[in-house]
Amino acid sequence: MVEFSSNFRNMRSSAIRELMGVASRPETISFAGGMPNNGLFPVEEIDRIIARLPREVKQVGFQYGPTHGYPPLCSALKDFLARKGLPIENHELMMTTGSLQALHLIDRVYLDPGDVVVTENPCFIGGIAAIRAHQGILRSVPLDEEGIDIAGLQEALDQGPPRPKLLYLTPNFHNPAGIVYSRERRQAVLSLLPGRDIVMVEDDAYSELYFEEQDRELVTPIKALGPNPVPICYTGSFSKILGPGFRLGWLLAPTDIMKACELAKQSIDACTPTFSQVIAHEFLVSGQLDRYVAFVRGEYARRSRIMREALREYMPEGVRWNRPRGGFYIWVQLPRGLDSAEVLQKTIAAGVIFVVGKTFDPEARLNDRFRLAFSHTPEEKIADGIRVIAGAIRDCLS
Ligand SMILES: Cc1ncc(COP(=O)(O)O)c(C=O)c1O
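For the sequence shown, counting from 1, position 394 maps to 394 in my numbering; every step adds exactly one.
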């Protein structure tokens with residue numbers, strides 16, 4: 001039998017993908033998938049955009065396009081990113097097939113087997129998987145409610161050989177921890193970087209989804225906070241502000257890094273789906289994106305409130321969770337080192353699912369926490385689902 005490659009043998013099926021089978025049953029209450037509710041998608045707006053597209057533009061949408069992206073979208077998106085304070089000069093923007101592809105491209109151009117990447121703990125499962133797929137080694141640093149632990153980060157950056165090649169962070173509405181980095185923590189990260197031979201990757205899939213206007217400033221990317229002491233690659237996505245099915249993300253990176261990533265992308269899929277880009281362009285330049293994002297901010301804020309109220313009402317003593325200021329997630333800490341897999345076993349039987357903590361632990365150990373996504377579940381089912389989980393935790397505690 002022909003052996004699979006060592007790259008492949010390094011890959012693991014995500015616990016989230018495995019739960020999707022249960023999630024697709026109509027009676028299931030799923031807090032597992034970090035995705036929007038189907039009822040929230042701007043279907044009518046997109047119908048109108050497609051109906052009004054001139055024939056020649058539709059034809060462009062059916063065609064292959066430049067690897068770096070559909071030029072009108074790249075240009076409009078650059079303006080959008082510049083408004084966030086991101087540097088456009090000496091940088092290139094590339095549309096990617098989801099921002100997950102941007103993470104893969106960076107790992108592909110930098111990582112040889114055994115190279116080290118410093119990450120947060122917990123960490124986005126897609127980020128972990130991308131690093132593993134390239135046989136990178138994860139060196140993880142705990143998070144607190146203000147961001148990555150700075151003493152831990154310094155130690156992880158100083159440790160070696162091998163010295164880390166990449167630092168991967170998600171400062172805004174972290175998946176799964178739900179937190180947003182404070183301004184001080186962002187500055188502290190930046191102040192640790194000068195003189196290091198490292199590339200930072202800033203993954204910003206959620207920054208548009210703040211619940212309170214006062215947090216608009218807070219979500220300013222680390223990359224935008226001042227001169228970059230090391231190269232910072234910034235990734236973003238239309239997945240949470242239009243729809244993940246469009247598979248549209250982006251990478252903003254210094255020109256030399258982008259040349260390498262573009263070459264890597266050429267050999268993978270030649271270009272990002274052009275039709276998606278044509279639609280996203282119209283959605284963005286017509287002002288509909290701004291209106292839609294304002295609408296979903298309110299929806300997610302309300303869902304998160306409903307979930308927190310249910311948690312307060314039903315959870316037994318000793319269970320802790322964060323108060324999200326944006327994004328999709330609440331991260332729950334169980335008392336007395338209780339194993340979230342045991343809780344999940346009981347709730348699956350009752351038709352309620354979530355994602356266990358160790359899925360997001362680069363060392364695959366910590367399981368006394370779990371992630372609840374409030375983005376997907378119909379509002380009227382949130383409290384019922386939380387009641388079931390609370391009951392299962394009580395059973396495990398007794
Ligand atoms: C932190 C983070 N980064 C990146 C992604 C990937 O998004 P996409 O590939 O759909 O753009 C996600 C999706 O859940 C995410 O949570």
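Glycine included, every Cβ here is placed at the ideal spot set by N, Cα and C.
Give me, in chain order, the residues of the same chain whose beta-carbon lies closer than 6 Å to that of residue i; leave out the 5 immediate sequence neighbours on both sides.
i, result
"G357", "S340, L366, N367, R369 and F370"
"Q333", "R320 and R369"
"L289", "F283"
"G126", "L100"
"A253", "C233"
"Q74", "As written in the sequence, residue 74 is Cys, which differs from the Gln given in the question. So the list reads L93, once near-sequence residues are dropped."
"S237", "S99, A205 and G249"
"D197", "none"
"S304", "P324 and F374"
Just the Cα atoms here: how many angstroms apart are residue i and residue j?
i, j, result
"Q101", "G249", "8 Å"
"D204", "M1", "42 Å"
"D144", "F173", "13 Å"
"G287", "A280", "11 Å"
"M315", "G337", "16 Å"
"A156", "E56", "53 Å"
"H104", "K165", "15 Å"
"V60", "V278", "8 Å"
"N175", "P113", "26 Å"
"P171", "L344", "28 Å"
"R185", "E89", "26 Å"
"G327", "R108", "28 Å"
"L86", "A188", "19 Å"
"P42", "T119", "34 Å"
"P244", "I128", "19 Å"
"K223", "M11", "30 Å"
"K381", "G160", "49 Å"
"R163", "V116", "7 Å"
"T235", "S398", "45 Å"
"I393", "E317", "10 Å"
"D269", "R312", "47 Å"
"R48", "R291", "15 Å"
"E44", "V285", "17 Å"
"I106", "H134", "10 Å"
"Y110", "R132", "13 Å"
Is residue i helix, strand or coil when you go by DSSP?
i, result
"Y300", "helix"
"I148", "strand"
"S75", "helix"
"A253", "strand"
"A6", "The identity of residue 6 in the sequence shown is Ser, whereas the question assumes Ala. Of the three classes helix, strand and coil, the one that applies to S6 here is helix, per DSSP."
"L93", "strand"
"S398", "coil"
"M258", "helix"
"E202", "strand"
"V22", "helix"
"T235", "strand"
"A177", "coil"
"R365", "coil"
"F370", "strand"
"S30", "strand"
"V219", "coil"
"V355", "strand"
"L167", "strand"
Within the same chain, show all residues whose beta-carbon is closer than 7 Å to that of residue i, passing over the 5 residues directly before and after it, in chain order.
i, result
"G385", "I29, F31, V352 and T377"
"D361", "N121 and P122"
"V388", "T347, A350 and V352"
"E363", "S140"
"H91", "L252, A253, P254 and T255"
"M35", "P244, S375 and H376"
"E299", "L40"
"P142", "N121, D149 and G152"
"F80", "L284"
Only counting the same chain, and skipping five residues up and downstream in sequence, which positions put a Cβ closer than 8 Å to that of residue i?
i, result
"N38", "none"
"K84", "S207, T220, P221 and A224"
"V293", "E208, L209 and I241"
"L192", "I150, L153, Q154 and L157"
"S182", "E146, G147 and L218"
"E342", "C396"
"G65", "C271, T272, T274 and Q277"
"D215", "V180, R325 and G326"
"P194", "P229 and V230"
Legend entry - Within 5 Å of ligand 1: residues by beta-carbon to any heavy atom: Applying a distance threshold of 5 Å between residue Cβ atoms and the heavy atoms of ligand 1 selects G34, G98, S99, L100, F124, T170, N175, D203, A205, S237, S239, P244 and G249, given in chain order.
Legend entry - Contained beta strand (DSSP E) runs [length at least 3] in the stretch 265–349, N- to C-terminal order: Entirely contained in the stretch 265–349, the beta strand (DSSP E) runs reaching 3 residues are, in chain order, 329–333.
Legend entry - Contiguous alpha helix (DSSP H) assignments of at least 4 residues, all confined to the stretch 100–151: 125–133
Legend entry - Minimum length 4: unbroken alpha helix (DSSP H) runs contained in the stretch 35–75: 43–52 and 55–62
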